[in-house]
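*Asks:* Let me give you the structure first, and then I'll get to my questions.
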Amino acid sequence: MPATTTYRLLGVDPGTNLLGYALLEIKGKDLRVLEMGVITMQHLKNHQEKLQTIFERLQSLIQRYRPREMAIEAPFFGKNVQSMLKLGRAQGVAIAAAMTNGVPITEYSPKKIKQSVSGNGNASKEQVAAMLQTILGVQWQQDSFDATDALATALCNYYQSSNPLNRGGKR
């Protein structure tokens, strides 16, 4: 009987005030949420302090759990250029934390994540969270959508990497 491979995936929903993260453990076909949460940074007024906090907290999670890969949600293109620049920096710092630890990164669009998890690329945050509750048995609260978005990102990565038709393609 072959040994069952166990590995971990880190999902990140980047933000400069709230950054969601989730760690998913895969053992064969069994999925288990190891940890999920939100890094809160509203109390930090300086943008550089927020970026440093993102880097340090994600690096700590990566060193503790040793994920095989990090999946990160691509920024949604809005109308506020300043917000987009700050979000891009937060995403870049999160990617740097993974790269510093030799963890490969895959980026997914919000639409791809929603499609992968719920079957509907236009699903609401509530619909995605309800689907995660069904699939993984996690309880969610309306104030933790950053964490559930991160978990959806990790689950999307699992689905995409488990499908042989998706290997080597753009996500």
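By numbering that gives the first Met the number 0, the letter at position 24 of the sequence shown is numbered 23, and the numbering carries on one by one without gaps. Note that the Cβ used here is the ideal one computed from N, Cα and C, for glycine as well. Predicted, not measured: the structure shown is a model, and the values here were computed from it.
Report the rounded CA-to-CA distance for GLU243 versus GLY91, giving the unit in angstroms.
*Replies:* Residue numbering for the chain in the displayed model covers 0 to 170; residue 243 lies beyond these limits and cannot be assessed.
*Asks:* Tell me the rounded alpha-carbon separation between VAL102 and ASP148.
*Replies:* Residue 102 sits at position 103 when you count from the first residue of the sequence shown. Residue 148 sits at position 149 when you count from the first residue of the sequence shown. Rounded to the nearest angstrom, the two C-alpha atoms are 20 Å apart.
*Asks:* Going by Cα to Cα distance, which pick from ILE134, SER82 and LEU150 is closest to TYR107?
*Replies:* Numbered from 1 along the sequence shown, position 108 holds the residue referred to as residue 107. Taking only the C-alpha atoms, the option nearest TYR107 is LEU150.
*Asks:* Report the residue ranges of all beta strand (DSSP E) runs contained in full by the stretch 85-164; include only those spanning at least 3 residues, in chain order.
*Replies:* Runs of the beta strand (DSSP E) inside the stretch 85-164: 104-107.
*Asks:* Mind checking whether TYR157 and ILE25 have CB atoms under 8 Å apart?
*Replies:* The residue labelled residue 157 in the question sits at position 158 within the sequence shown. The residue labelled residue 25 in the question sits at position 26 within the sequence shown. Yes. Within cutoff.
*Asks:* Is ARG166 buried or exposed, if buried means 16 or more other CB atoms sit within 10 Å of its CB?
*Replies:* The residue given as residue 166 occupies position 167 in the sequence shown. Legend: pLDDT at ARG166 = 46, less than 50; position of this residue unreliable, no value from coordinates given.
*Asks:* Taking the DSSP output, what are the residues bridged to GLU193?
*Replies:* Outside the modelled stretch of the chain, which goes from 0 to 170, sits residue 193, for which no answer is possible.
*Asks:* If you draw a straight line from the alpha carbon of MET98 to that of PRO13, how long is it in whole angstroms?
*Replies:* Indexing the sequence shown from 1 puts residue 98 at position 99. Indexing the sequence shown from 1 puts residue 13 at position 14. Distance between the alpha carbons of MET98 and PRO13 is about 16 Å.
*Asks:* CA-CA distance, VAL11 and SER123?
*Replies:* Your numbering for residue 11 matches position 12 in the sequence shown. Your numbering for residue 123 matches position 124 in the sequence shown. Distance between the alpha carbons of VAL11 and SER123 is about 18 Å.
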